Amino acid sequence: MNSSSNRFDRQAALVPQSKLAELLVTVIGVGAIGRQAALQLAALGARKLQLIDFDYIETTNITTQGYFQSDLGLTKVAATAEAIRQIDPNIALTLVADRYRPALDVGDALFCCVDSITARNAIWRSASRRVTFWSDGRMLGEVLRILTVVDDAGRRRYQATLFPQAEAQSGACTAHDTIYTAAIAAGLMVQQFTRWLRQLPVDQDLALNLLASELAVA
Numbered sequence: 001m002n003s004s005s006n007r008f009d010r011q012a013a014l015v016p017q018s019k020l021a022e023l024l025v026t027v028i029g030v031g032a033i034g035r036q037a038a039l040q041l042a043a044l045g046a047r048k049l050q051l052i053d054f055d056y057i058e059t060t061n062i063t064t065q066g067y068f069q070s071d072l073g074l075t076k077v078a079a080t081a082e083a084i085r086q087i088d089p090n091i092a093l094t095l096v097a098d099r100y101r102p103a104l105d106v107g108d109a110l111f112c113c114v115d116s117i118t119a120r121n122a123i124w125r126s127a128s129r130r131v132t133f134w135s136d137g138r139m140l141g142e143v144l145r146i147l148t149v150v151d152d153a154g155r156r157r158y159q160a161t162l163f164p165q166a167e168a169q170s171g172a173c174t175a176h177d178t179i180y181t182a183a184i185a186a187g188l189m190v191q192q193f194t195r196w197l198r199q200l201p202v203d204q205d206l207a208l209n210l211l212a213s214e215l216a217v218a
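Each residue of the sequence shown is one higher than the last, beginning at 1 in this note's numbering.
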């Protein structure tokens, strides 16, 4: 059995642990995409994670968000934290079982995984200038979109996607979910994060239609 000191050997060339160890990473919304992103960040080696979500686990969250039967009735942040502790009990976790508040310290990197344009817009206005990495994951059925911001050009592009809620695609993001779409979306968000850690260019706007096997990158 490998010792814990060798835990990150296979990803050492792709994930700079020295940079990752310094960051506070915040995940807002630990539903479909957010839970998967939080677990992947924990496995990746994040040392400080903050989880923000006001919601409780329901039966439909088991199939679409990867929660367990034993999690029913728990807050999503508490259940996700327990899963993270199974990955690495030494990760410093901050749990906020409430809505995002502007006064919260969101740290250096923010994963925005909420399910409405209105909430997204409010978080962006409050927090975007306080982080150096921003990733927004959106999905509906088998279609996903990942928007990443690390500079002013990315800010301008992202702000153009914050259209009024009334103009959003009919149906909430949570109306049609699949665990595999969520896992792919989270993986793409985390991959953009590792590119940023390595000082590589990120994709500002990535859209994937799984049913049509179509990928668009800008």
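Quick reminder that beta carbons are idealized off the backbone N, C-alpha and C, glycines included. The structure displayed is predicted, hence computed values, not measured ones.
Legend entry - Ala122, DSSP secondary structure in three states: The answer is helix: DSSP assigns Ala122 an H, G or I state.
*asked:* So for Tyr180, helix, strand or coil by DSSP?
replied: Note: Tyr180 maps to helix in three-state DSSP.
Report task. Report buried or exposed for Val217, applying the criterion of at least 16 other Cβ atoms within 10 angstroms of its Cβ. Result -> Exposed, because fewer than 16 other Cβ atoms sit within 10 Å of the Cβ of Val217.
Open item on the list: In this structure, how does DSSP classify Phe163 when only helix, strand and coil are distinguished?
Closed with: Three-state DSSP puts Phe163 in coil, outside helix and strand.
Cβ-based burial, Tyr100 [other Cβ within 10 Å; buried from 16]: The residue is buried, with at least 16 neighbouring Cβ atoms inside 10 Å.
Problem set entry | Residues of its chain near Ala42, where Cβ-Cβ distance is below 7 angstroms and the 5 sequence neighbours each way are ignored | Cβ neighbours of Ala42 beyond the five flanking positions: Leu49, Ile84, Ile87, Asp88, Ile91.
key: Assigned secondary structure, Ile87 (DSSP; H/G/I helix, E/B strand, else coil)   = Ile87: helix per DSSP, three-state reduction.
Three-pair Cβ contact test at 8 angstroms for the region 150-159 versus the region 5-25: Result no; under three Cβ-Cβ pairs closer than 8 angstroms.
Practice item. Could you tell me which residues DSSP puts in a beta bridge with Ser135? Key: DSSP lists Phe111, Thr148 as partners of Ser135.
**Message:** Tell me which residues share the same chain as Thr174 and place their Cβ nearer than 6 angstroms to its Cβ, disregarding the 5 neighbours each side in the sequence.
**Reply:** Caution is warranted here: a pLDDT of 49 is assigned to Thr174, below 50, making its placement in the model unreliable, and no coordinate value can be reported.
Cα-Cα, which of Asn121, Ile117, Val131, Cys113 is closest to Val106? Looking at the Cα atoms, Val131 is the closest of the given residues.
### Proximal residues to Asp98 (C-beta, below 8 angstroms), its chain only, five neighbours per side dropped
Result list for Asp98: Ile52, Phe54, in chain order.
Would you decide whether Thr148 is buried or exposed? Buried here means 16 or more other CB atoms lie within 10 Å of its CB.
In this structure Thr148 is buried. Its beta-carbon is surrounded by 16 or more other beta-carbon atoms within 10 angstroms.
_Could you pull the DSSP bridge partners for Ala216 from this structure?_
Under DSSP, the beta-bridge partners assigned to Ala216 are Ala207.
Determine the DSSP secondary structure at Gln50, reduced to helix, strand or coil.
For Gln50, the secondary structure class from DSSP, reduced to helix, strand or coil, is strand.
Which residues in the same chain as Asn209 place their Cβ atom closer than 6 angstroms to its Cβ, once the five residues preceding and following it in sequence are excluded? Counting only Cβ-Cβ distances below 6 angstroms, and skipping sequence neighbours, we find Val143.
In whole angstroms, give me the CA-to-CA distance for Arg10 and Ile184. Using only the alpha carbons, I get a separation of about 21 angstroms.
- prompt: Exposed or buried, which one is Tyr180 when buried takes at least 16 other CB atoms within 10 Å?
  reply: The C-beta of Tyr180 has fewer than 16 other C-beta atoms within 10 Å across all chains shown, which makes the residue exposed.
For Leu14, which of helix, strand or coil comes out of DSSP? Residue state for Leu14 is assigned as coil, using DSSP reduced to three classes.
- prompt: Name the DSSP bridge partner or partners of Leu24?
  reply: Answer is Lys48.
Contact defined as beta carbons within less than 8 angstroms: I believe Ile146 pairs with Met189. What is the distance between those atoms, to the nearest angstrom? Right, the Cβ-Cβ distance comes to about 6 angstroms (below 8 angstroms), so this counts as a contact.
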